[in-house]
Ligand code: GLU
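Residue numbers (this note's numbering): 78 to 492.
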């Protein structure tokens with residue numbers, strides 16, 4: 078099986094958008110590279126008294142529209158190129174939903190399941206010590222990503238505030254409510270995706286109460302399984318999977334029971350009343366809506382021909398390779414591209430920053446309403462670009478995002 082370089086994938090998308098937009102060479106060159114990147118080592122004391130050196134990254138891809146914004150991922154397969162790709166996608170994501178932010182991303186090469194909570198705290202604090210001077214509400218604002226969560230953010234915020242001896246909760250987002258978090262952040266990525274699905278069902282004439290499947294059962298996947306039925310007023314969840322396996326029942330799975338099973342046992346194995354299936358099979362089921370909510374390159378040229386969903390709502394970052402994107406388009410599968418479909422998280426992160434700066438917090442219903450408005454508007458800007466330029470949805474979203482960033486670079490006098 079071919080292995081993919083996500084940075085090459087992200088650049089291919091950016092290059093195509095730059096060509097369609099007829100950007101000049103200097104602007105294109107600027108947008109194909111991160112503005113700034115930092116790679117570092119982090120020595121951490123482990124529970125058994127030994128020291129272990131971890132490798133970390135922070136990439137600030139583009140800051141023309143605002144400070145860099147994007148998560149920190151703890152993952153064993155993390156590389157500089159994966160972080161660069163994700164930082165680029167954050168740049169297009171914040172622009173397509175028109176937030177006053179740039180794009181960034183960070184990562185540590187590690188598998189948190191191998192460590193105690195104390196060790197994860199030590200890694201989180203070491204990460205902040207390594208990048209502290211590059212972070213801050215007006216510089217770069219991290220958030221969670223794969224295998225990081227609000228507790229990780231609380232430790233990171235505390236380390237930052239300890240170093241600089243000040244309170245600055247807005248320097249990081251998706252914090253626990255008790256230390257400056259916002260209502261509605263935990264389910265925001267999935268909620269934004271489901272709002273986009275609601276719009277897409279109306280646009281493409283797909284039944285919103287039909288069948289759906291979820292690939293990846295972390296924060297975004299679990300919430301999507303639950304929220305799909307809540308927001309769309311029904312729907313039959315036929316399959317979900319995580320990295321170790323999937324469960325399938327054509328008559329419907331109970332999303333609440335699945336989340337409880339996963340949280341109590343740590344996996345989907347042994348879930349009653351369902352057939353156990355290989356993870357990859359979930360991508361190929363005949364469903365109305367498929368939510369890829371795991372990692373990059375899940376839908377590629379090897380399986381795209383077999384994807385039978387009417388709508389693919391990309392909650393993961395970069396789940397579809399460029400070849401697969403073409404194949405899905407030719408086969409009439411409507412893709413809700415990641416930079417639009419997964420933008421709910423960063424939209425509510427932005428709400429959190431605003432609330433932190435005013436120290437004045439909103440009710441959950443206000444967060445939902447404002448998130449819905451932003452996603453719905455962005456969905457229609459993207460479908461407008463798709464129509465105007467006769468491109469597939471991913472390129473429609475890229476055109477909106479890349480054009481906004483290019484414009485900011487020009488107005489600043491950079492190019
Ligand atoms: N990690 C999330 C993403 O990829 C959230 C980023 C943020 O809130 O800054 O969109």
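Glycine included, every Cβ here is placed at the ideal spot set by N, Cα and C.
In the three-state reduction of the DSSP assignment, residue 119 falls in the strand class, which pools E and B. Between residue 391 and residue 356, the CB-CB gap reaches or exceeds 8 Å.
In this structure, the alpha-carbon of residue 220 lies about 11 Å from that of residue 429.
Just measuring C-alpha positions, the residue of 115, 229, 80, 315 sitting nearest residue 292 is 315. Counting C-beta atoms within 10 angstroms of its own C-beta, residue 204 has 16 or more neighbours from the protein chains shown and is therefore classed as buried.
Per DSSP, reduced to three states, the secondary structure at residue 182 is strand.
When rounded, the separation of the alpha-carbon atoms in residue 359 and residue 162 is 25 Å. Runs of the beta strand (DSSP E) lying entirely within the region 133-162 and spanning at least 3 residues, in chain order: 149-151. Taking the Cβ of residue 458 as the reference point, every heavy atom of the ligand GLU lies at 7 Å or farther away. For residue 112, the number of other beta carbons within 10 angstroms of its own is at least 16, and it is reported as buried. Per DSSP, the unbroken alpha helix (DSSP H) holding residue 107 starts and ends at 102-108. Relative to the ligand GLU, residue 179 has its C-beta separated by 7 Å or more from all heavy atoms. At the C-beta level, residue 388 and residue 462 stay beyond 8 Å of one another.
With respect to the 8 Å criterion, residue 404 and residue 382 are classified as neighbours on the basis of their beta carbons. Taking 8 Å as the cut-off, the beta carbon of residue 378 is found closer than this to the beta carbon of residue 400.
When beta bridges are read from the DSSP output, residue 353 appears opposite 324.
Here residue 263 is buried, its C-beta having at least 16 other C-beta atoms within 10 Å. Just so you know, the alpha carbons of residue 243 and residue 432 end up roughly 17 Å apart. For the pair of segments examined, the region 323-337 was found to touch the region 298-310: the number of CB pairs separated by less than 8 Å reaches three.
Counting along the chain, residue 368 sits inside the beta strand (DSSP E) bounded by residues 366-369. In the structure shown, residue 348 adopts coil according to DSSP, grouped into three states. Exclusion of residue 105 from the 7 Å shell around the ligand GLU follows from its C-beta lying no nearer than that to any non-hydrogen atom of the ligand.
The region 359-371 makes contact with the region 310-329: 3 or more CB pairs, one atom from each, lie closer than 8 Å.
In the three-state reduction of the DSSP assignment, residue 415 falls in the helix class.
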